[in-house]
Ligand code: AMP
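In our numbering, the protein residues as written are 90 to 217.
In structure tokens, the structure reads:
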């Protein structure tokens with residue numbers, strides 16, 4: 090089944106400049122900005138500029154340049170936040186919610202970078 094990209098999703102509107110974002114980084118193929126409902130002291134979203142729905146969609150169909158740029162952008166944000174465990178930072182979590190079971194709300198690939206507090210167990214069952 091082919092991936093279907095909805096050009097009216099909110100991150101597509103951010104990329105077209107139709108609604109604002111609190112930008113932290115822009116590269117040739119990626120954009121990073123603050124999440125409007127932060128779940129941690131640092132909560133940054135990194136998105137590719139291309140029309141990709143999920144992480145697997147991007148991983149399988151993006152160009153090498155887009156993939157390299159996206160991964161590098163995530164690294165740059167981590168470095169700029171000072172959260173790298175190997176560099177004296179306290180660590181972080183990267184999450185890419187995908188599809189129904191992943192509880193993805195915005196259907197444009199985004200990676201959450203969460204940091205600045207103890208994040209607890211990786212998963213909780215619904216209702217916990
Ligand atoms: P999810 O699709 O479940 O991985 O999460 C979507 C995330 O996008 C949520 O954490 C929202 O708070 C965030 N979000 C929704 N609209 C905006 C916006 N206009 N600017 C920044 N973050 C947003």
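Virtual Cβ for every residue (Gly too), placed ideally from N, Cα, C.
All of these numbers come straight from a predicted model, not from anything done at the bench.
Quick test of your reading: residue i and residue j, contact by CB under 8 Å. State the CB separation rounded to the nearest angstrom.
i, j, result
"residue 112", "residue 120", "7 Å"
Helix or strand or just coil, what does DSSP make of residue i?
i, result
"residue 104", "helix"
"residue 160", "helix"
"residue 198", "coil"
"residue 170", "helix"
"residue 203", "strand"
"residue 179", "coil"
"residue 134", "strand"
"residue 91", "coil"
"residue 155", "helix"
Going by Cα to Cα distance, which pick from the options is closest to residue i?
i, options, result
"residue 95", "157, 141, 150", "141"
"residue 164", "208, 151, 138, 114", "114"
"residue 211", "118, 199, 185", "185"
"residue 197", "147, 206, 160", "147"
"residue 172", "126, 123, 206, 110", "206"
"residue 180", "203, 160, 158, 191", "203"
"residue 130", "170, 215, 217", "170"
"residue 118", "201, 162, 183, 216", "162"
"residue 92", "100, 143, 159", "143"
"residue 128", "182, 100, 215", "182"
"residue 215", "190, 175, 166, 106", "190"
"residue 65", "100, 152, 177, 137", "Nothing about residue 65 can be read from this structure; the chain reaches only from 90 to 217."
Beta carbon of residue i: closer than 8 Å to some heavy atom of the ligand AMP?
i, result
"residue 194", "yes"
"residue 146", "no"
"residue 95", "no"
"residue 104", "no"
"residue 190", "no"
"residue 135", "no"
"residue 167", "no"
"residue 163", "no"
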